[in-house]
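Protein chains in written order, with my numbering: chain A, 34 to 366; chain B, 34 to 366; chain C, 34 to 366; chain D, 34 to 366; chain E, 34 to 366; chain F, 34 to 366. Every residue, glycine too, gets a C-beta built ideally from N, C-alpha and C. For reference, the structure discussed in these notes is given below.
There are 6 protein chains.
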Amino acid sequence: MSDVITFGEVMMRLTPPGRKKLLQTDQLDILYSGAEANVSCALAYWGRTAAHITSFPDNALGHAALANLRKMNVDVEHIAFTDGRLGLYFVEPGAINRATAITYDRLPSSFAGIDANTFNWDKILEGAKWFHWTGITPAISQGAADSLLAALKVARKKGVMVSADINYRSGLWKYGKTPAEILAPLVDLSQVVVAAESDTDSIFGIRGDGSGYASTAEAMKKRFSGMECMLASRRAAPSASHNSLSGVFWNGNLVFETKTHDIDNIIDRIGSGDAFISGFIFASLSGYTDQEKIDFAAASAVLKHSVEGDYNLVTEDEVWGLVEGNTGGRVKR
Amino acid sequence: MSDVITFGEVMMRLTPPGRKKLLQTDQLDILYSGAEANVSCALAYWGRTAAHITSFPDNALGHAALANLRKMNVDVEHIAFTDGRLGLYFVEPGAINRATAITYDRLPSSFAGIDANTFNWDKILEGAKWFHWTGITPAISQGAADSLLAALKVARKKGVMVSADINYRSGLWKYGKTPAEILAPLVDLSQVVVAAESDTDSIFGIRGDGSGYASTAEAMKKRFSGMECMLASRRAAPSASHNSLSGVFWNGNLVFETKTHDIDNIIDRIGSGDAFISGFIFASLSGYTDQEKIDFAAASAVLKHSVEGDYNLVTEDEVWGLVEGNTGGRVKR
Amino acid sequence: MSDVITFGEVMMRLTPPGRKKLLQTDQLDILYSGAEANVSCALAYWGRTAAHITSFPDNALGHAALANLRKMNVDVEHIAFTDGRLGLYFVEPGAINRATAITYDRLPSSFAGIDANTFNWDKILEGAKWFHWTGITPAISQGAADSLLAALKVARKKGVMVSADINYRSGLWKYGKTPAEILAPLVDLSQVVVAAESDTDSIFGIRGDGSGYASTAEAMKKRFSGMECMLASRRAAPSASHNSLSGVFWNGNLVFETKTHDIDNIIDRIGSGDAFISGFIFASLSGYTDQEKIDFAAASAVLKHSVEGDYNLVTEDEVWGLVEGNTGGRVKR
Amino acid sequence: MSDVITFGEVMMRLTPPGRKKLLQTDQLDILYSGAEANVSCALAYWGRTAAHITSFPDNALGHAALANLRKMNVDVEHIAFTDGRLGLYFVEPGAINRATAITYDRLPSSFAGIDANTFNWDKILEGAKWFHWTGITPAISQGAADSLLAALKVARKKGVMVSADINYRSGLWKYGKTPAEILAPLVDLSQVVVAAESDTDSIFGIRGDGSGYASTAEAMKKRFSGMECMLASRRAAPSASHNSLSGVFWNGNLVFETKTHDIDNIIDRIGSGDAFISGFIFASLSGYTDQEKIDFAAASAVLKHSVEGDYNLVTEDEVWGLVEGNTGGRVKR
Amino acid sequence: MSDVITFGEVMMRLTPPGRKKLLQTDQLDILYSGAEANVSCALAYWGRTAAHITSFPDNALGHAALANLRKMNVDVEHIAFTDGRLGLYFVEPGAINRATAITYDRLPSSFAGIDANTFNWDKILEGAKWFHWTGITPAISQGAADSLLAALKVARKKGVMVSADINYRSGLWKYGKTPAEILAPLVDLSQVVVAAESDTDSIFGIRGDGSGYASTAEAMKKRFSGMECMLASRRAAPSASHNSLSGVFWNGNLVFETKTHDIDNIIDRIGSGDAFISGFIFASLSGYTDQEKIDFAAASAVLKHSVEGDYNLVTEDEVWGLVEGNTGGRVKR
Amino acid sequence: MSDVITFGEVMMRLTPPGRKKLLQTDQLDILYSGAEANVSCALAYWGRTAAHITSFPDNALGHAALANLRKMNVDVEHIAFTDGRLGLYFVEPGAINRATAITYDRLPSSFAGIDANTFNWDKILEGAKWFHWTGITPAISQGAADSLLAALKVARKKGVMVSADINYRSGLWKYGKTPAEILAPLVDLSQVVVAAESDTDSIFGIRGDGSGYASTAEAMKKRFSGMECMLASRRAAPSASHNSLSGVFWNGNLVFETKTHDIDNIIDRIGSGDAFISGFIFASLSGYTDQEKIDFAAASAVLKHSVEGDYNLVTEDEVWGLVEGNTGGRVKR
């Protein structure tokens with residue numbers, strides 16, 4: 034029984050060492066990650082109990098993936114073993130003005146083959162405080178979307194807080210449904226929504242009046258009455274190695290913004306969006322103020338850029354330190 | 034226009050370094066190989082022109098696979114780019130009494146998606162001297178089997194010598210046909226057949242009278258009149274690190290056998306069967322005697338165990354040296 | 034609540050890659066292991082629930098050690114964080130006639146600083162079926178010996194089966210007590226004892242009449258009435274790369290012996306003694322016959338030599354396969 | 034028969050991993066490259082047929098070098114095997130205010146031993162559209178200079194466009210001739226010349242009137258009537274990790290300049306000059322406008338700094354993207 | 034007999050490759066270093082004879098440490114082998130706003146176990162020109178402090194110049210004495226003192242009048258009449274990857290300051306303080322002017338950030354180059 | 034002033050990791066070694082003072098080579114820096130029946146460029162006890178042969194014992210002289226000669242009467258009256274991974290032979306001949322009996338096969354252990 038439940042596909046990530054391209058390498062670094070599992074890892078790293086729900090093939094790859102999640106202190110008890118592959122993605126890290134490039138090799142994964150009955154959501158969500166999903170899950174297959182809908186219904190019935198990271202990926206959504214038709218009922222069951230203005234527009238055609246984030250959030254609220262608040266990270270990217278990032282949060286009423294953090298000499302930006310919502314969930318469960326929630330979320334996202342791999346292995350102290358202006362320029366002995 | 038044409042799937046091979054298991058590793062060594070492509074690589078390494086025919090996805094993986102074949106001096110001009118994945122296989126190298134274990138992640142590969150019209154066999158086989166296939170190709174999909182049949186018909190019409198390595202893999206053959214029904218017409222179009230007695234029995238129910246390899250070969254010849262000769266390597270394996278190997282060859286009339294080679298301190302045995310037929314094809318194209326053909330094939334297979342990866346990167350001199358009794362115990366300066 | 038409870042120090046093992054010596058290397062491979070934790074890992078790998086009891090420093094090293102045990106599916110719930118270091122050991126792997134050399138850097142470890150009250154044995158042993166310890170634990174410090182004695186008393190009260198691997202290390206035992214005085218009451222509380230004839234003699238001065246293992250075991254039984262059975266692995270070592278091994282088991286009445294396994298091309302022999310008792314515990318919990326118990330234990334120990342690192346990552350099927358004569362010479366696809 | 038022919042020495046590059054110095058490392062990363070071969074690689078990567086002309090020793094090093102060029106899709110058919118060594122260069126990568134340092138170990142290379150008759154330029158240049166050379170080639174030996182002169186005469190006779198990258202290296206030119214006397218006739222046979230103002234001055238004593246690049250180019254044109262246009266990249270280097278770069282192009286009449294690109298977090302700057310002329314040749318063969326030619330050349334040079342090794346493995350799309358303002362700050366999925 | 038004598042602990046440094054954290058790695062890069070040994074290494078690299086005085090355990094670790102110092106051309110003749118461990122420290126390199134974190138594992142080291150009689154200072158200091166110590170040494174143990182005091186007395190008697198880098202580490206000083214009581218007599222025996230204003234305040238409660246470095250230095254001089262001059266590096270750190278640094282030097286009369294160097298894309302900042310005083314000692318022994326001394330010291334410290342590991346492997350030319358404005362942006366061929 | 038002086042070329046050895054071939058690797062392991070320097074390293078490792086005499090180029094490679102010899106405790110004081118390259122050799126390690134292959138890239142090395150006046154032998158040999166050379170040195174260049182002859186004359190004048198390892202390499206001797214004419218006066222100045230019967234025959238046409246090693250040695254003695262004793266190692270090599278080795282020693286009167294050691298699972302055999310004579314020199318300097326001398330030499334050579342790289346990093350205890358029958362099958366803790 035964990036405080037936080039996350040749900041989504043976990044893949045093997047394969048990255049050439051030394052910032053090489055696939056054409057240049059005869060070696061690949063591997064790890065096992067996913068947008069939602071990354072959230073469980075971050076919360077477990079900060080001392081919260083967190084369970085991840087997914088499905089793996091019952092072979093050496095699936096068992097290695099599971100063991101690596103377990104290493105991160107994620108509760109893996111409810112993970113299913115079903116037919117299919119382990120999804121893969123290959124990362125060619127960018128630099129300067131060359132963008133990071135990802136080659137996905139997902140289908141037909143075990144996770145894509147799940148359906149509404151694969152998981153016993155009643156049992157899984159018993160005693161949970163927070164359920165988190167992203168827009169990647171329902172984009173994978175009808176079965177994944179069905180399973181998610183089932184989960185959300187149980188979560189709301191049990192009073193579990195639900196957060197949704199829209200995370201729109203046009204390269205997915207191959208099974209014949211539009212994002213809008215699938216996502217609408219799911220968003221309506223989610224109190225906390227991570228969405229940039231570009232997302233609400235491109236998926237639902239929802240735009241604010243141009244006066245700022247609040248107006249977009251209010252427009253979303255009009256359509257999705259179950260939504261209670263909305264947040265987003267805002268990134269500027271003068272190069273693949275140099276970005277800046279801030280957070281914005283509409284709490285249903287007011288908007289809170291953070292300072293803009295400069296992020297130079299980027300180590301690995303993958304997972305920074307997951308670090309953002311991880312920070313928000315942690316801050317919410319910790320009873321922080323609204324300003325603190327978005328400050329913590331943004332600082333968590335910023336620090337992720339300093340960590341190799343998808344997991345945000347920075348401590349709560351390091352995140353608070355950055356919020357409070359510690360630039361990390363002093364060696365910790 | 035190449036002397037030798039090989040046809041079959043090429044996969045990315047992923048192997049943990051340092052003889053680790055997948056569970057232990059966060060790094061994988063990669064290379065691109067396949068039972069038939071390995072034959073083209075060996076022949077090109079020995080100075081023969083050789084083209085490999087396969088299909089890759091048009092992404093970073095497919096292009097890396099193609100570039101690596103090209104590096105080995107294989108003619109890649111006729112390789113197609115079609116929809117689907119690049120097949121993968123994960124190798125956990127064995128040692129002592131722990132067997133090497135392979136986890137396949139093949140479907141739905143680009144290669145599995147080919148059909149009888151993917152390749153222009155008339156053009157590909159123009160001027161070729163030898164065409165080689167293995168039982169893996171028709172086991173992958175109906176389309177692959179169809180394409181192979183089309184190739185064999187053209188090959189025989191053009192007078193191209195055809196070799197077939199039965200290479201029976203029970204883990205394949207998932208598309209609804211039995212090996213026997215698919216393989217029979219293919220074997221009948223092949224003059225040179227690599228088959229152990231256990232293969233002819235388990236696939237076709239063909240057994241000799243127990244008097245030796247000749248009687249099995251003669252029984253095969255009775256069923257497949259197009260077959261002209263038959264050969265096999267014979268392996269004993271006291272451990273995963275220590276094997277022995279010899280070759281046997283029925284030339285349509287007489288049987289030729291080789292000495293039994295001791296193979297201890299095995300580096301990598303994958304591809305040794307491909308090295309065996311590579312040696313036979315090379316010896317045949319070079320006009321060697323029948324005894325020399327099987328001696329060269331067996332020594333080629335033995336030396337493969339000393340090379341990392343699937344390709345048999347040993348020189349013609351090294352193979353001849355072993356045939357003539359050079360044990361490799363002297364440093365070459 | 035786990036079936037098996039193991040108790041002992043876990044150290045960071047540091048090994049130069051590529052069989053180099055410390056003088057030659059600027060890189061070290063690391064893992065976290067210990068004679069008793071290795072047993073929990075093996076049992077968890079075979080599907081048994083297993084908890085390891087130890088103490089770590091509350092720093093980056095201690096947390097990394099704990100996460101790596103958790104990865105192996107070992108229950109880490111009862112692990113304590115106390116003052117002190119994480120013990121280390123440096124391995125220079127041998128080959129041919131150069132022996133593997135270990136440099137220990139243990140004291141003053143967290144584990145050495147524990148005392149009889151560090152662990153709540155009543156809670157830890159609730160519902161357990163088997164408790165395993167080795168002679169390394171009481172050799173480290175008086176506190177470790179006290180804690181072990183406390184554990185054994187609780188175990189016997191609760192009817193938990195206790196196994197002891199004498200594992201005599203003359204380099205330890207630095208705190209002023211002799212092995213005999215400390216080990217005697219501990220062995221007396223243990224039903225299953227792993228001990229070679231040389232151990233019983235050098236520690237307790239107990240020798241049989243020269244007629245074989247049974248006579249030594251009976252002499253042990255006379256002194257330690259709580260002991261019910263005794264077993265040992267027997268190793269011959271013509272070189273650091275080539276050993277042979279068999280097992281012997283006195284069940285309190287009869288002696289059972291195994292075949293002698295040849296072990297050539299050794300990958301890593303560290304942990305093979307732990308693999309031996311792991312196999313015995315697993316076979317006992319699985320209700321195997323006495324002959325099967327010692328066969329499984331010996332085959333488990335043999336296969337360990339094929340695995341990098343201390344953990345015996347071979348499957349139950351692989352162990353049974355070796356017992357039944359599968360030499361591992363066939364690739365598993 | 035390839036569109037582009039490049040001519041020059043290919044060496045083994047040896048670089049300590051992890052930005053170490055030679056004194057610190059016991060490992061070296063290797064690749065095979067040269068200023069002119071890098072141009073063929075870039076053009077082949079962008080889909081142009083390109084052949085490189087060089088000479089290798091007939092040993093394991095020469096054959097590895099050749100195979101690696103072939104991997105990059107460079108036509109290696111005309112490469113010769115002649116007596117001598119494979120040239121080497123050792124790179125100690127700089128950072129911050131420590132400059133990258135190169136230790137050459139070139140002589141007596143196979144390439145240095147060529148003469149005017151080593152290559153059959155009539156055959157090599159048949160059907161070619163572009164021939165590219167750099168000032169490194171004639172600096173190596175009289176034979177290399179002679180061979181180049183022979184090539185240029187054939188190229189001009191056949192109407193092949195010739196480009197020359199002056200690339201003045203004072204550390205070469207050891208065989209008794211001055212750069213000016215050797216280069217003058219070669220430049221006169223080249224329509225496209227890459228030369229900075231400092232090069233024209235230090236080699237030929239040619240200076241403009243101080244009014245800008247056009248006046249220098251016009252002065253060059255006066256001396257070398259065969260030259261039709263001239264271009265250069267301009268670099269500012271506040272540190273070894275941080276540079277900026279722009280391009281300038283005199284088309285025989287007008288001057289075209291590019292924006293100045295900021296290049297921070299440099300991965301590897303070696304080969305960026307080769308990437309510059311590669312971009313220009315590609316743009317010229319593609320029929321781009323003069324502004325586009327120099328924009329493409331400069332963006333190509335900028336992106337090279339993001340790629341490990343000498344080859345500019347960035348796509349045509351990535352170069353165009355940068356020209357059009359895509360900073361690479363968005364992950365490509 | 035060496036010009037420079039340094040005295041202090043040498044530890045094994047263990048760093049995860051690829052900027053990983055301990056939790057993520059199964060490999061560690063190692064080297065052997067210490068604040069004072071780093072000074073000997075730098076001076077030996079610049080051609081000065083330098084001996085380091087320390088104590089190692091007589092095991093594989095101690096001998097590897099000694100061999101690595103010897104490789105750096107440090108005179109190791111006087112190093113003692115005494116009981117105890119080799120101290121270790123684990124570095125998790127920071128980036129962006131995540132600080133570098135060091136986990137020490139020092140006690141009970143061989144070095145901590147030394148006493149006033151371990152070293153024969155009369156013999157060691159015979160003919161020496163300079164003796165250097167840091168505040169780390171007396172912070173380790175009473176014996177280390179005693180040995181240092183003995184050394185300083187001999188040094189002053191022999192007219193050896195003494196430099197002290199205060200280098201205050203609050204994590205040390207565990208043996209019951211305050212820094213002030215131990216350091217006072219030691220500083221009084223040292224002519225050259227490296228101390229920031231924060232150090233003089235926090236250790237001795239010595240503050241200037243706020244008018245600048247001179248006033249602090251004069252206040253120090255009042256307390257410690259043996260001190261002749263004082264210097265410090267000044268660092269600003271907008272992030273873990275980006276710092277700036279300048280130097281300030283009070284020569285007993287006047288203050289000299291350097292330009293502020295920008296340090297972006299930091300490779301490894303550990304040892305930059307040692308590089309600072311190394312540069313000062315070298316400049317002093319070379320008879321440079323006061324302005325040159327502090328310029329050389331600051332540039333030496335800046336360049337250290339570009340080198341992996343603790344040793345400042347940059348040449349005298351490179352340091353002078355930076356002083357004179359060479360930014361390192363030009364490849365040295 | 035060292036006990037032992039060795040003289041010869043030191044090269045950079047480059048070896049693909051993981052037993053790959055050059056064609057397969059993009060990484061090379063490096064070390065610095067030479068047949069004679071290996072002897073100094075072994076003797077220094079066993080506690081003897083040993084100086085190596087050679088010449089390096091004054092660049093990053095030469096200084097790295099020197100630093101690495103210094104690390105091994107070899108006295109490098111007399112090493113010269115002269116014009117030329119650092120010689121290289123590339124090793125492709127063999128296995129099973131594939132022989133290890135070495136590609137040399139030696140000329141024009143600094144060492145080849147020395148002459149009779151490069152070294153001040155009078156000073157170098159002052160106080161030395163033993164001078165060792167091999168047949169590689171005079172095979173490199175006339176200058177190297179002249180320098181060696183000068184050294185030997187001084188050595189004999191000073192009463193320094195001289196050993197010569199004939200080590201005939203037909204791939205050298207390119208400068209116009211025959212081995213016989215150059216070697217004869219050198220051997221005549223050497224008291225201890227390492228020579229197999231095949232060497233004496235192929236170089237000097239000297240054969241015994243077929244009755245054994247003594248008759249060959251006596252025939253040598255007849256020709257070279259300065260020679261006092263002769264020894265050789267005898268190797269049988271059933272494969273590249275499996276050899277056996279024994280030693281034979283004619284002390285001027287009697288022949289002493291050793292047991293035949295089995296050497297399976299070879300790690301690296303390069304340098305085993307150097308380990309043989311190292312053992313003999315050490316045993317001689319230690320005053321061992323004649324049987325002990327050859328036993329120690331042979332065991333030293335055997336153990337070398339267990340060590341990566343050219344240096345024989347085994348302890349005196351390990352060598353004695355093997356002589357006395359310790360097979361290395363027991364872990365040293």
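Neighbours of LYS104 (chain D) in chain B, taken as residues at a C-beta separation under 7 Å, are given in chain order as ALA100, ASN101, ARG103 and LYS104. Where ASN71 (chain F) is concerned, the enclosing alpha helix (DSSP H) starts and stops at 68-78. ARG118 (chain F) reaches chain D at ASP138, counting residues in chain order whose Cβ is nearer than 7 Å.
Against chain B, the CB of GLY342 (chain C) has a partner CB under 8 Å away; the residue lies at that interface.
Comparing C-alpha distances from ILE310 (chain C) to each of C:PHE289, C:VAL225 and C:GLY362 shows the shortest one belongs to C:VAL225. Put simply, the backbone Cα of LEU222 (chain B) is about 23 Å away from that of GLY209 (chain B). Considering only F:ALA77, F:ASP198, F:ALA213 and F:GLY204, the residue with the shortest C-alpha distance to ALA229 (chain F) is F:ASP198. Identification of chain D residues near GLU125 (chain F) by a Cβ-Cβ cut-off of 8 Å yields ALA93, ordered along the chain. In the three-state reduction of the DSSP assignment, ASN276 (chain A) falls in the strand class, which pools E and B. By the C-beta density criterion, SER319 (chain C) is exposed, having fewer than 16 other C-beta atoms within 10 angstroms. By the criterion of at least three beta-carbon pairs nearer than 8 Å, the segment 75-88 of chain A is not in contact with the segment 75-94 of chain C. Under the 10 Å beta carbon count, MET260 (chain D) is surrounded by 16 or more other beta carbons and is classified as buried. In this model, TYR246 (chain E) and ASN200 (chain E) are separated by some 17 Å (Cα to Cα).
If you look at TYR344 (chain E), you'll find it isn't in any alpha helix (DSSP H); DSSP assigns it neither H nor E.
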